Amino acid sequence: MRLPFTAARTPEAGAKLPADIWVLIAAAFAVAVGYGLVAPVLPQYAMSFDVSVAAASVVVSVFAFFRLVFAPAGGVLVDRLGERWVYMGGLLIVAISTLATGFAQSYWQLLVFRGLGGLGSTMFTISAMALLTRLSPPGARGRIMGFYATAFLIGNIGGPVLGGLLAGFGMRVPFFVYSVSLLVATAVVAVFLRGGRRQSPDDGTPEQEPLPVRDALRDARYVAALVSSFANGWSSFGVRVAIVPLFAAANFDAGPGIAGTALASFAVGTAAVISLAGRLSDRYGRRPLVISGLVVSGISTIILGWCDTVPLLIAASVVAGIGAGVLNPAQHAAVADVIGADRSGGKVLASFQMASDSGAILGPVLVGVVVQLSGYTAGFAISGALLLAAVVPWLFARETHDRMARVTSGE
Numbered sequence: 006m007r008l009p010f011t012a013a014r015t016p017e018a019g020a021k022l023p024a025d026i027w028v029l030i031a032a033a034f035a036v037a038v039g040y041g042l043v044a045p046v047l048p049q050y051a052m053s054f055d056v057s058v059a060a061a062s063v064v065v066s067v068f069a070f071f072r073l074v075f076a077p078a079g080g081v082l083v084d085r086l087g088e089r090w091v092y093m094g095g096l097l098i099v100a101i102s103t104l105a106t107g108f109a110q111s112y113w114q115l116l117v118f119r120g121l122g123g124l125g126s127t128m129f130t131i132s133a134m135a136l137l138t139r140l141s142p143p144g145a146r147g148r149i150m151g152f153y154a155t156a157f158l159i160g161n162i163g164g165p166v167l168g169g170l171l172a173g174f175g176m177r178v179p180f181f182v183y184s185v186s187l188l189v190a191t192a193v194v195a196v197f198l199r200g201g202r203r204q205s206p207d208d209g210t211p212e213q214e215p216l217p218v219r220d221a222l223r224d225a226r227y228v229a230a231l232v233s234s235f236a237n238g239w240s241s242f243g244v245r246v247a248i249v250p251l252f253a254a255a256n257f258d259a260g261p262g263i264a265g266t267a268l269a270s271f272a273v274g275t276a277a278v279i280s281l282a283g284r285l286s287d288r289y290g291r292r293p294l295v296i297s298g299l300v301v302s303g304i305s306t307i308i309l310g311w312c313d314t315v316p317l318l319i320a321a322s323v324v325a326g327i328g329a330g331v332l333n334p335a336q337h338a339a340v341a342d343v344i345g346a347d348r349s350g351g352k353v354l355a356s357f358q359m360a361s362d363s364g365a366i367l368g369p370v371l372v373g374v375v376v377q378l379s380g381y382t383a384g385f386a387i388s389g390a391l392l393l394a395a396v397v398p399w400l401f402a403r404e405t406h407d408r409m410a411r412v413t414s415g416e
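Reminder that position 244 of the sequence shown reads as 249 in the working numbering, one-by-one numbering, no gaps.
This is how it looks when you write it as structure tokens:
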């Protein structure tokens, strides 16, 4: 007999979170603030070496490019060396490369040092997700993913403000401060993080071999997560950052500040719901939240291309941010559910990250071509349609939250 869909309040849902989780959240905040410190000054710093705007843009892109190409190796390191050591190693690499960036004496030095930072970034990103997967109680994964994402979001909002103030003392200063903050984060992890390779406290099963990517790809739930990750990276991390500012500048007379306001509005929408969305995914399952987030993001992205007033642009940006905030913690929790707490999944997590990074890199390029040929409305329509199309695999994938899957199947 199939029971009606009801909320499943698990014992872990309201339980006190492990101390290691709070260590990871604190470290994430420090990393995000530091990244935000250098983001506003990096293009101007690059141009101080007397290069073109295009060359300065390459310095920004090289970080994401190296994150993408090194992701498979990062996954292998996590599976072989353990999450804790790879996490600290990644933080140290970014700290050293950032310090070197601040001391760069030529454009090419700047380019190399910034690229090396991308290697370290993908190391600690993958290992952090692996640690969260291993240490999070299954019934609280959504809540924990929400907290973790909130820490990054707040850091990314506050970092640029502080970075702009520090730039008044010289464009190299934010890089030195970021390097120090990363060293502090590494020390905090080294001293307080104790669960690098242990099982989740509530899981008494023996540890298994790492989950191979080929096995994960046989799971329709993981494939659905890859598709939605690509679409979200394309829209939220690619088109939003690269195309929305150009759209705002080309269509409104409110000055360049409207572009920043639109991006900030997206962040506000995300921040408003992301923690709640994580909790709801623990209670109602991952699929309803992922599907809802994709639908809201897709429709609001299509509407962006039709916005002809500033209030409408801000409202659409806020709603798009809400959609991303609903989607992200549930999507990450779903991947963690597929991997489980009793085995490592570094390569699987690396592939998931690569899907998002690929979308973030391809989206601005392809949508930029569409905008040149057919205008902004068509560009946003394609991006929104991609998000809506990402709903389809989730419709055919079963729930990843085991307890909710049992409830909806009538067990």
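Just so it is clear, CB atoms sit at the ideal spot from N, CA and C, and this is done for glycine as well. All of these numbers come straight from a predicted model, not from anything done at the bench.
- Extent of the continuous alpha helix (DSSP H) to which Ala-236 belongs: Per DSSP, the unbroken alpha helix (DSSP H) holding Ala-236 starts and ends at 225-237.
Output needed for Thr-127: all residues of its chain with C-beta closer than 6 Å, excluding positions within five of it in sequence on either side, in chain order.
Arg-72, Phe-75, Ala-76, Gly-79
- If you draw a straight line from the alpha carbon of Leu-367 to that of Arg-245, how long is it in whole angstroms? Going from the Cα of Leu-367 to the Cα of Arg-245 covers about 13 Å.
Who are the near neighbours of Leu-121 in its chain, counting only those whose CB is closer than 7 Å to its CB and skipping five residues on each side? Apart from sequence neighbours up to five positions away, the residues of its chain that approach Leu-121 with a beta-carbon distance below 7 Å are Ile-98, Ser-102, ordered along the chain.
Cβ-Cβ separation, Leu-391 to Ala-247 (assumed contact under 8 Å), whole Å = 15 Å between Cβ atoms; not a contact.
>> Does the region 300-309 come into contact with the region 344-362, if we say contact requires no fewer than three beta-carbon pairs (one atom in each stretch) closer than 8 Å?
In response: no
Between the Cα of Pro-137 and those of Ala-225, Leu-22, Pro-369, spot the shortest distance and give me the residue it belongs to. In the sequence as presented, Pro is not what sits at residue 137; that position holds Leu. Minimum Cα distance to Leu-137 is reached at Leu-22.
query = For the alpha helix (DSSP H) that contains Asp-220, what are its first and last residues?
reply = 218-221
Cutoff 6 Å; reference Ser-241; Cβ partners in own chain excluding five residues on either side
Ala-329
Check your understanding: Arg-148 to Val-249, Cα distance in whole Å?
Key -> 30 Å
DSSP state of Ile-248, grouped into three classes?
-> coil
- Report all residues from its chain with a CB closer than 7 Å to the CB of Ala-24; omit the five preceding and five following residues, and keep chain order. Result list for Ala-24: empty, nothing under 7 Å.
**Request:** Could you check the C-alpha separation between Val-178 and Leu-171 for me, to the nearest Å?
**Result:** 6 Å
### Message
Just to confirm, is the Cβ distance from Ala-44 to Gly-164 under 8 Å?
### Response
yes
Taking only three categories from DSSP, how would you classify Gln-49? helix
When burial is assigned at 16 or more other CB atoms within 10 Å of the CB, is Val-324 buried or exposed? buried
Handout entry: Trp-113, DSSP secondary structure in three states
Key = helix
Could you tell me the boundaries of the alpha helix (DSSP H) in which Ala-390 lies? 381-394
**Prompt:** DSSP three-state call for His-406: helix, strand or coil?
**Reply:** coil
TODO: Return the Cβ separation of Gly-350 and Pro-215 in integer angstroms, given the expectation that the two are a contact with Cβ distance under 8 Å.
DONE: 6 Å
message = So, under 8 Å CB-CB, Gly-160 and Gly-326 are touching, yes? Tell me the CB distance rounded to an integer number of Å.
response = With 8 Å as the limit, Gly-160 and Gly-326 do not qualify as a contact, their Cβ atoms being about 16 Å apart.
inquiry  = Suppose the cutoff is 6 Å on Cβ atoms and the five residues either side in sequence are ignored; what does the same chain contact list for Gly-125 look like?
reply    = Gly-95, Ile-98, Val-99
key: Residue closest to Asp-220, alpha-carbon to alpha-carbon, out of Phe-271, Gly-123, Lys-352   = Lys-352
query: Do Thr-266 and Gly-310 come within 8 Å of each other at the CB atom, strictly closer than that value?
result: no
Discussion item. Please classify Leu-317 as buried or exposed, where buried requires at least 16 neighbouring CB atoms within 10 angstroms.
Written reply: exposed
Next on the checklist: If contact is defined by three or more beta carbon pairs under 8 Å, each pair taking one atom from either stretch, is the region 107-120 in contact with the region 48-64?
Outcome noted: Yes: the two stretches touch, three or more of their Cβ pairs being nearer than 8 Å.
Exercise. Skipping 5 residues on each side, what residues in its chain have a beta carbon closer than 8 Å to that of Val-268?
Worked result: According to the sequence shown, residue 268 is Leu rather than Val. Arg-245, Val-246, Val-249, Pro-250, Ser-322.
C-beta contact flag for Leu-294 and Ser-233 at 8 Å: no
Could you say which of Phe-180, Pro-217, Leu-354, Ala-32 lies nearest to Val-189 if we only look at CA atoms? Comparing C-alpha distances from Val-189 to each of Phe-180, Pro-217, Leu-354, Ala-32 shows the shortest one belongs to Ala-32.
Exercise. Keeping to the same chain, check which residues put their C-beta closer than 7 Å to that of Thr-130; ignore five residues upstream and five downstream.
Key: For Thr-130, the CB contacts under 7 Å within the same chain, skipping 5 residues up- and downstream, are Gln-358 in chain order.
- Could you check which residue in Ser-388, Leu-354, Gln-377, Gln-49 has the C-alpha nearest to that of Gly-364? Ser-388
Legend entry - Exposure of Thr-314, with buried meaning 16 or more beta-carbon neighbours within 10 Å: exposed
Suppose the cutoff is 8 Å on Cβ atoms and the five residues either side in sequence are ignored; what does the same chain contact list for Phe-34 look like?
Ala-156, Phe-157, Ile-159, Gly-160
message: Between the alpha carbons of Trp-4 and Tyr-92, how many angstroms are there, rounded?
response: Within the shown structure, residues of the chain are numbered from 6 to 416, placing residue 4 beyond reach of any answer.
- Item | Among Ser-379, Gly-384, Ile-319, Asp-362, nearest to Val-372 - alpha-carbon criterion | Selected option, being the one with the closest Cα: Gly-384.
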